[in-house]
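In what follows, a single structure is set out as C-alpha cells and then discussed.
In the working numbering, the protein residues as written are 4 to 115.
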C-alpha cells in the first residue's frame with residue numbers, strides 16, 4: 004500500500020472514531036441535563052476515561068496522529084483527520100470543556 008493510501012485510511016479511521024466520540028459525549032450531555040443517569044452514561048464515562056488514559060500514555064497525542072506522522076510532512080492541524088483545521092486544533096479543549104460541564108451536571112444530579 005502506498006503512503007498516500009495509508010494516510011487516507013488513517014484519516015478515515017480517525018474521523019470515524021471522532022464521530023463515535025461525538026455521539027458519546029453529546030449523549031452524555033443530554034443524559035446529564037435530562038437526569039437520565041443510566042448505564043449508557045456510565046459507559047460513556049468509561050470510554051472518555053479510556054481515551055484520556057490513552058492520551059496521557061502518548062503525551063497528549065492520539066496514537067493515530069503519531070502513526071499518520073510517518074506518512075505526512077504536513078504541519079496542518081488536520082493532516083490526520085477529515086475536520087476543518089480550526090476544529091482539529093481545538094478539539095481537545097472543546098471536548099474537555101464539554102466533559103467538565105457534563106461531570107459537574109452529573110454530580111449536581113446525583114446530589115439532588
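We put the beta carbon where it would ideally sit given N, CA and C, even for glycine.
Among the options, nearest to residue i - alpha-carbon criterion
i: residue 115; options: 8, 77, 38, 83; result: 38
i: residue 21; options: 45, 6, 44, 90; result: 90
i: residue 110; options: 83, 6, 32, 25; result: 32
i: residue 54; options: 95, 5, 6; result: 95
i: residue 6; options: 75, 59, 44; result: 75
i: residue 24; options: 64, 49, 4; result: 49
i: residue 93; options: 63, 30, 56; result: 63
Three-state secondary structure (DSSP) of residue i
i: residue 84; result: coil
i: residue 31; result: helix
i: residue 64; result: coil
i: residue 38; result: coil
i: residue 74; result: coil
i: residue 79; result: coil
Contacts around residue i, its chain only, beta-carbon distance under 7 Å, and the 5 residues preceding and following it disregarded
i: residue 108; result: 35, 36
i: residue 85; result: 14, 18
i: residue 61; result: 69
Contact set for residue i: own chain, Cβ-Cβ below 8 Å, skip 5 residues either direction
i: residue 28; result: 47, 51, 98, 101, 102, 105
i: residue 113; result: 40
i: residue 16; result: 67
Beta-carbon proximity list for residue i, same chain, < 6 Å, skipping 5 on both sides
i: residue 81; result: 88, 91
- Taking contact to mean at least 3 C-beta pairs separated by less than 8 Å, is the segment 56-68 in contact with the segment 4-12? no
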